[in-house]
Amino acid sequence: MLDILQKLCESNKFVVHEFESNIEDVNSKIVVPNSDNNNQEYYFILECKSVNDTLITNLTNDHAEKFMDKLEELEFTDESLRKNCTMILCCENSNISEQTLLQFEEDPYYFKKNVITYSKEELLAFEQELNNQYSNEYLNKLLMSDGLFELFKTHSLGNDSYYPLLIKVITKLPFIHYLPQQNQLNDLEEFVKTELDESSIKLLDFICREDENLSEEIIDEKISTVWSEL
75 MLDILQKLCE
85 SNKFVVHEFE
95 SNIEDVNSKI
105 VVPNSDNNNQ
115 EYYFILECKS
125 VNDTLITNLT
135 NDHAEKFMDK
145 LEELEFTDES
155 LRKNCTMILC
165 CENSNISEQT
175 LLQFEEDPYY
185 FKKNVITYSK
195 EELLAFEQEL
205 NNQYSNEYLN
215 KLLMSDGLFE
225 LFKTHSLGND
235 SYYPLLIKVI
245 TKLPFIHYLP
255 QQNQLNDLEE
265 FVKTELDESS
275 IKLLDFICRE
285 DENLSEEIID
295 EKISTVWSEL
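Residue numbers for the sequence shown follow this note's numbering, so the first one is 75 and each next one is one higher.
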């Protein structure tokens with residue numbers, strides 16, 4: 075998962091650096107804006123290979139402050155990091171209580187905190203569906219896949235579906251945005267005309283004709299004239 079998030083970050087104008095967590099079975103990276111990125115947010119990504127409630131509690135109570143101090147000393151960070159860094163914890167969703175995850179995300183000290191949980195099956199399916207494409211546009215294309223959102227809402231997706239993990243990634247990574255789909259509509263006037271008879275089209279043409287110099291009285295008179303001729 076850490077590699078996928080790195081590529082998503084790089085696709086969104088961030089630079090990803092290695093960072094040594096010094097915690098067994100925990101890998102980490104620090105994500106910083108590149109020179110073309112006006113976003114001053116930083117992201118500290120942790121991937122826990124073997125996770126439980128005790129580890130997450132220790133991350134909050136013991137390790138977060140030490141991480142922040144070390145990150146501030148790096149040559150590619152600055153004083154804005156302390157107030158603008160989000161810790162993103164990636165881990166399998168077994169052996170973790172919802173209460174612990176909620177407490178972790180709501181902890182206000184040192185980092186904003188988000189958690190992305192997943193199963194091995196979801197992660198494999200997500201990686202295959204991405205197919206080395208990491209742009210916002212592609213993620214939105216997957217998001218709008220026919221019928222999947224309705225199945226997701228009704229908990230009707232299989233355990234090996236990529237879609238729940240996609241939702242979490244879009245929700246938990248602040249720099250990935252939902253892109254509203256443009257409605258592909260035909261010209262409204264032409265659409266209306268296909269439903270009208272010839273006399274009604276004649277009246278519509280007159281009503282739609284632009285002539286700002288005509289007074290209201292003259293317009294009313296002309297409409298009455300056209301109407302009487304129908």
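All C-beta atoms in this analysis are idealised placements derived from N, C-alpha and C, irrespective of residue type, glycine included.
Three-pair Cβ contact test at 8 Å for the region 157-170 versus the region 112-130: yes
Notebook entry, point to check: How about Leu240 and Leu217: do their beta carbons lie closer than 8 Å?
Noted result: yes
Would you decide whether Lys187 is buried or exposed? Buried here means 16 or more other CB atoms lie within 10 Å of its CB. buried
* Counting only the same chain and skipping the five closest in sequence on each side, list residues whose C-beta sits under 7 Å from that of Val90. => Gln80, Cys83, Glu84, Lys103, Val105
* Asked: What number of angstroms, rounded off, separates the C-alpha of Phe141 from the C-alpha of Ser209?
  -> 29 Å
- Task: Please determine if the region 227-238 and the region 190-207 are in contact, where contact requires at least 3 C-beta pairs separated by less than 8 Å.
- Result: yes
- Query: Considering only the beta carbon of each residue, do Asp181 and Thr134 sit closer than 8 Å?
  - Reply: yes
From Asp220, Leu225, Leu213, pick the residue whose C-alpha is nearest to that of Phe249; which is it?
Leu213
Leu253 versus Lys215 - alpha carbon distance
9 Å
### Query
Nearest-angstrom Cα distance between Gln114 and Val189?
21 Å
| query | Can you list, in chain order, the stretches of the alpha helix (DSSP H) that have 4 or more residues and sit fully within the region 96-161? | reply | 127-132, 138-146
| Of the choices Asp110, Asn158, Thr174, Ser168, whose alpha-carbon is the least far from that of Thr131? | Thr174
- Query: At what residues does the beta strand (DSSP E) containing Glu94 begin and finish?
  - Reply: Where Glu94 is concerned, there is no enclosing beta strand (DSSP E), given that its DSSP letter is neither H nor E.
> Are the CB atoms of Asn108 and Phe93 nearer to each other than 8 Å?
Replying inline: no
For Asn260, which three-state DSSP category applies? Unreliable placement is indicated for Asn260, whose pLDDT of 48 sits below 50; the coordinate value is still reported in the next sentence. In the structure shown, Asn260 sits in coil (DSSP, three-state: anything other than H, G, I, E or B).
What does the alpha-carbon distance come out to for the pair Leu129 and Lys144? 20 Å
- So what does DSSP say about Leu231, is it helix, strand or coil? coil
- request: Under the assumption that Tyr192 contacts Asn158 (Cβ atoms under 8 Å), give the Cβ distance between them as a whole number of angstroms.
  value: Not quite, the Cβ-Cβ distance comes to about 26 Å (not below 8 Å), so this is no contact.
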